Structure formats: C-alpha cells, structure tokens
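*Asks:* For this note's numbering, count along the sequence shown from 1 and bump the result up by 171.
Positions of the beta carbon are idealized from the N, C-alpha and C atoms, including for glycine.
All of these numbers come straight from a predicted model, not from anything done at the bench.
Take a look at the following structure, please.
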Amino acid sequence: MNVSTDAKFSKRTDKIKRSPIRELLKLITKPEIISFAGGIPDPTLFPAYLIEEATKSILRNEPEKVLQYGPTEGDLRLKSELVSRLAKKDNIKINEDEILILTASQQGLDLIGKILIDSGDTVIVGLPSYLGGLGAFSSYGANFIGIPLDDDGMRVDIIEEKLKKLKKEEIKRVKFIYVIPDFQNPAGVTLSLERRKKLVEIAEHYDILILEDTPYRELRYWKKSIPPIFTLAPRGRVMALFTFSKIFCPGMRLGYVIGSEPVIDRIVLVKQSTDLCTPPFTQGILREMLKGGALDEHVKKLVSVYRDKREFMLNVLNKYMLPLNLPDLKWTRPDGGLFLWMTLPLYMDAERMLPRALEKKIAYVKGCAFHYDNSGKNTIRLNFSYPTMDAIEEGIRRLSQVIAEEKRK
Ligand SMILES: Cc1ncc(COP(=O)(O)O)c(C=O)c1O
Numbered sequence: 172m173n174v175s176t177d178a179k180f181s182k183r184t185d186k187i188k189r190s191p192i193r194e195l196l197k198l199i200t201k202p203e204i205i206s207f208a209g210g211i212p213d214p215t216l217f218p219a220y221l222i223e224e225a226t227k228s229i230l231r232n233e234p235e236k237v238l239q240y241g242p243t244e245g246d247l248r249l250k251s252e253l254v255s256r257l258a259k260k261d262n263i264k265i266n267e268d269e270i271l272i273l274t275a276s277q278q279g280l281d282l283i284g285k286i287l288i289d290s291g292d293t294v295i296v297g298l299p300s301y302l303g304g305l306g307a308f309s310s311y312g313a314n315f316i317g318i319p320l321d322d323d324g325m326r327v328d329i330i331e332e333k334l335k336k337l338k339k340e341e342i343k344r345v346k347f348i349y350v351i352p353d354f355q356n357p358a359g360v361t362l363s364l365e366r367r368k369k370l371v372e373i374a375e376h377y378d379i380l381i382l383e384d385t386p387y388r389e390l391r392y393w394k395k396s397i398p399p400i401f402t403l404a405p406r407g408r409v410m411a412l413f414t415f416s417k418i419f420c421p422g423m424r425l426g427y428v429i430g431s432e433p434v435i436d437r438i439v440l441v442k443q444s445t446d447l448c449t450p451p452f453t454q455g456i457l458r459e460m461l462k463g464g465a466l467d468e469h470v471k472k473l474v475s476v477y478r479d480k481r482e483f484m485l486n487v488l489n490k491y492m493l494p495l496n497l498p499d500l501k502w503t504r505p506d507g508g509l510f511l512w513m514t515l516p517l518y519m520d521a522e523r524m525l526p527r528a529l530e531k532k533i534a535y536v537k538g539c540a541f542h543y544d545n546s547g548k549n550t551i552r553l554n555f556s557y558p559t560m561d562a563i564e565e566g567i568r569r570l571s572q573v574i575a576e577e578k579r580k
C-alpha cells in the first residue's frame, strides 16, 4: 500500500523553504566549477595535524569522559576556558551559568526560535539577512519586519520608525531583533558603534530582546574592532551567538550562546530534547586547541590569508567590472568576514543570470535568497575565502562576461 506521507507532514514544516545554498552546494562539488557560493572556509587551512594531536591526547588521557554522554550545558572546563577568552578578547564578563555549548550556532538559531517564537510572533531582521536564521525562525511561524542596510549596517532609525507605527499589542509580539553586527552575512557590512548604542536604546524602550549573531567577529582585516552589542546593554537584553565554524572548522559543529541565566536555562531545556548534548568528543578537541593558544595562532593565519584574498578580490573586481561602464554596479568593501555584496543595475535579475553563470562554470548565491520577502533581485553574494587566488581572478572575469551580456544597449 502507498503511504501518503505528504498529508501527514506538519503544517509548520510545509512553510520551510529549501536553502538555495544547500541546493547549489550539491552542484558545485564538481572541481571544474569556481564557487563564490558557500560561506565556507579555505579547506587547505584546516589544522588537521593539530586536531590529530589533540584527539590522541584526549583519547589517551580521558577516554571515559570524551566518549561518554556529557552534560547538556556543555563541558564545564571548556565553558570556563571560553568565559576567560571572552573577558580577554572582548571585555565580556559572564559566569559559567550564562554560557551554553551548542552543536554550532545554527542550533542556537533554532533553539532560540523554539523558546521565544509562538506562531504569528514577529522578528525584526535585516534586508538582507542570514537565510539560515530566517529559515529557523519561520519554521516556528515567525512573521518578519525587514530593515534595509547601508554601509554602516542595519538602518536602526528605520527600526524605530516601524515600531512607532505598531499598536501596543503588536509591539508585544515583536520578540527580538536579529542582528549580525560584524561583517554581516550576506552583505559584509558592519554595524557602527553609534547604531549599536541606538539599537540597545530602542530595544530597552520597547522591551524587545536582541539576538546578536557574530560568527565572523574574529576575522577582522581592517580597522579597530567595535564592542559587541552584548557589552553595551543591561544584563538580560542581549543573547549572543558564537561559532567555531569559521575560525576552526565547520565539520566540528561547535559554537556557544551567552545570555541571562533564565534564557540559558530555557535553551538547555529544549536542547535536551534535540540532541541531549553537544558531543563531548569534539568539545574535548576544542579544549585542547584552546589550551596553550594553538587556536589563536590558527586564527592569526586565517586572518592573514583571508585579508589577502579580500584585497585581491577587490582588485580584480576593479579590473574586470569597471570597464563594463555600469554606474549602478557596486560592491561592498568589508572590513572582515567572508563575503562581499554586489548590487547590479536594477533591471538585472541575478536568479535569471545564474544558469548562464553555471554554464560558464561559476557559482554565486542570488541575493533574493537572503530577503524574506524575495526582494533584492539585482543582488549577489560573493564569497572570497574558499576559492584560490587564481580561481578568484578567473571567476570574476567570467562573472563580468555574464553581467556584460545582460547590459542594456
Ligand atoms: C550569520 C550566521 N549565523 C549562523 C551560521 C551558522 O553557522 P554554524 O552552524 O556552522 O555555526 C552562519 C553560517 O554561515 C552564519 O553566517
């Protein structure tokens, strides 16, 4: 007998859109394709040898701990290590009950959605914003208010304008503002200090939480770092998400969230029914990498390589795009992170252009994928960490041809 599973799936999951990046990643595993699509690290830089040494050490010294189930909150020694690292790096002062180890930060987006969003609640997001965040929140039935960005990040003044127009009951349903302040994914822009302060002021005034998601914070190539929103707000206002995917390796699936004790406690509760605990094995490896500063040395190396790649990408964009003579063709100059954001003339459609790009064996992500309302048709996200320098040059040359073919005569 045929089983009609379609009729049995939950309505909640009917709404979830397939990620165009995951779909694209399936295509671009072919070596002949030059990919600017994934937000993925340069695989030649993975510290495999250090991981091998760390693995040997934990298996030799504490197999009974790292191969066993662990506490849902995470390994206490790792948490203590992270608490001191946060204090040292960013002047973030928290205790071990205000941090929870996650199976990478995507899990945090999902669990935070789970504890805060009832169907029909509202989340304020960037236009554009990280599509994994949008997907996680919409799976719990969130509605979105979209806020445009400029070179200084989210237009915080527009958040205020929009909130002023809402009725009291509508404001109560605005659960949190989702913000990626450092080298935003996808746009590469950074939220200025003034706007961070203003954002906190607004959140305090309207009693809305802030979710600060900052996977790229340590990958800064230019200018001085700006304090995390977490440090600018009273206790309890901000939950902040961190990950080791971009500064160590995504295959480890390790991250953490910090916030007030009641919030962390509620996340622990829902994490128990998700995966019981983040693997103690990978947590043990990370602890070894943090000890003695091996991870920090690794981050220095990443920063130096990615800084060069970013610079190179900006140079070849000038070389191949400026001769196209399209005044509306622009791209961001990120101070860090893994992406830059290209805006094409308004009449161009990055989705329609993608099959031709793939024919020329290059891949990018269409910008509308990062807009919950499907706007931003004339935008493109370009990653510069994954391709080699040669691939960056050749790929941008081919992309310039795709764009040239679209140019109105
Ligand atoms: C802004 C943002 N948040 C969260 C994630 C999820 O990363 P992970 O689950 O690997 O920590 C990403 C990945 O690209 C991201 O860009």
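Take Y491 as the anchor and find which of K333, E252, I574 and V254 has the nearest alpha-carbon.
*Replies:* For Y491, the nearest C-alpha among the options comes from I574.
*Asks:* I think T449 touches L466, with their Cβ atoms under 8 Å apart; what is that distance to the nearest whole Å?
*Replies:* That pair is no contact at about 17 Å.
*Asks:* Can you name the start and end residues of the beta strand (DSSP E) that Y349 belongs to?
*Replies:* Its beta strand (DSSP E) spans residues V345 to V350.
*Asks:* Exposed or buried, which one is Q277 when buried takes at least 16 other CB atoms within 10 Å?
*Replies:* Under this definition Q277 is a buried residue.
*Asks:* Please list the segments of the alpha helix (DSSP H) lying wholly inside the segment 470–554, counting only runs of 4 or more residues, in order along the chain.
*Replies:* The segment 470–554 contains these whole alpha helix (DSSP H) runs: 521–530.
*Asks:* Pull up the DSSP beta-bridge partners for F315, would you.
*Replies:* In the DSSP output, where bridge partners are listed per residue, F315 has V294.
*Asks:* Evaluate N554 with the Cβ neighbour count: other Cβ atoms within 10 Å of its Cβ, from every protein chain shown; 16 or more gives buried, anything less gives exposed.
*Replies:* So N554 counts as buried.
*Asks:* Enumerate, from N- to C-terminal direction, the unbroken alpha helix (DSSP H) stretches of 4 or more residues contained entirely within the segment 219–267.
*Replies:* If we require 4 residues or more, the alpha helix (DSSP H) runs fully inside the segment 219–267 come out as 219–232, 234–237 and 247–261.
*Asks:* Please name the residue, chosen from F308, I187 and I351, that lies closest to R326 on a Cα-to-Cα basis.
*Replies:* Checking every option, the nearest Cα to that of R326 belongs to I351.
*Asks:* Check whether the Cβ of P214 lies closer than 8 Å to any Cβ atom in chain D.
*Replies:* No chain D appears in the structure shown, which is made up of a single protein chain.
*Asks:* For E383, write down the residues that DSSP places opposite it in a beta bridge.
*Replies:* Answer by DSSP bridge pairing, in chain order: V350 and A411.
*Asks:* Between which two residues does the alpha helix (DSSP H) harbouring V441 extend?
*Replies:* Start and end: E432 to D446.
*Asks:* Figure out for me which residue from N549, D506 and A540 has the closest Cα to the Cα of D353.
*Replies:* The residue with the shortest Cα to Cα distance from D353 is D506.
*Asks:* In this structure, how does DSSP classify S206 when only helix, strand and coil are distinguished?
*Replies:* Reduced to three states, the DSSP call for S206 is strand.
*Asks:* Which residues mark the beginning and the end of the alpha helix (DSSP H) in which V573 is found?
*Replies:* Start and end: M560 to E577.
*Asks:* Measuring CB to CB, does L257 end up less than 8 Å from M460?
*Replies:* No; because the gap between Cβ atoms is not below 8 Å, this pair is not in contact.
*Asks:* How should D384 be labelled, buried or exposed, when 16 other C-beta atoms within 10 angstroms of its C-beta is the threshold for buried?
*Replies:* With 16 or more Cβ atoms within 10 Å of its Cβ, D384 is classed as buried.
*Asks:* Determine the DSSP secondary structure at Y392, reduced to helix, strand or coil.
*Replies:* The answer is coil: DSSP assigns Y392 none of H, G, I, E or B.
*Asks:* Could you give the distance in angstroms between the alpha-carbon of L517 and the alpha-carbon of H542?
*Replies:* So the two alpha carbons sit approximately 16 Å from each other.
*Asks:* Taking I272 as part of the beta strand (DSSP E), name the residues at either end of that continuous run.
*Replies:* That run of the beta strand (DSSP E) goes I270 to L273.
*Asks:* Taking the continuous beta strand (DSSP E) assigned at I429, which residues delimit it?
*Replies:* Its beta strand (DSSP E) spans residues G426 to I429.
*Asks:* With a threshold of 7 Å (Cβ to nearest heavy atom), would N554 be considered close to ligand 1?
*Replies:* Not so, every heavy atom of ligand 1 lies at least 7 Å from the Cβ.
*Asks:* Evaluate D378 with the Cβ neighbour count: other Cβ atoms within 10 Å of its Cβ, from every protein chain shown; 16 or more gives buried, anything less gives exposed.
*Replies:* Exposed, by the Cβ-count rule.
*Asks:* DSSP three-state label for D467, please.
*Replies:* Correct three-state label for D467: helix.
*Asks:* Verify whether the separation of the beta carbon atoms of S411 and F207 is less than 8 Å.
*Replies:* A small fix is needed here, since residue 411 is Ala in this sequence, not Ser. Taking 8 Å as the Cβ cut-off, A411 and F207 do not qualify as a contacting pair.
*Asks:* Considering only the alpha carbon of each residue, which of I229, V345, I316 and D479 lies closest to L329?
*Replies:* Residue identity differs from the one stated: residue 329 is Ile in this sequence, not Leu. With distances taken between Cα atoms, I329 lies closest to I316.
*Asks:* Would you mind reading off the limits of the alpha helix (DSSP H) that contains K285?
*Replies:* Its alpha helix (DSSP H) spans residues S276 to L287.
*Asks:* Just list the residues that DSSP pairs L320 with in beta bridges.
*Replies:* Beta-bridge pairing links L320 to M325.
*Asks:* Would you call the segment 427–441 in contact with the segment 267–277, where contact means no fewer than 3 C-beta pairs closer than 8 Å?
*Replies:* Contact between the segment 427–441 and the segment 267–277 is present, because at least three Cβ pairs lie under 8 Å.
*Asks:* Nearer than 7 Å: is that true of the beta carbon of Y301 relative to any heavy atom of ligand 1?
*Replies:* Correct: Y301 has its Cβ closer than 7 Å to ligand 1.
*Asks:* Considering Cα atoms alone, identify which of S251, F180, R193 and N173 is closest to L457.
*Replies:* For L457, the nearest C-alpha among the options comes from S251.
*Asks:* Express the C-alpha separation of L249 and I192 in angstroms, rounding to a whole number.
*Replies:* Cα to Cα, I192 sits roughly 32 Å from L249.
*Asks:* Taking 7 Å as the cut-off, is the beta-carbon of D384 closer than that to any non-hydrogen atom of ligand 1?
*Replies:* Under cutoff, so the answer is yes.
*Asks:* Which of the three DSSP states is assigned to L362 in this structure?
*Replies:* Correct three-state label for L362: coil.
*Asks:* Which residue's Cα is closest to the Cα of I263: P399, D177, G463 and D499?
*Replies:* Of the candidates P399, D177, G463 and D499, the one whose C-alpha sits nearest the C-alpha of I263 is P399.
*Asks:* Kindly examine ligand 1 and report whether one of its heavy atoms sits closer than 7 Å to the Cβ of T200.
*Replies:* Every heavy atom of ligand 1 is 7 Å or more from the Cβ of T200, so no.
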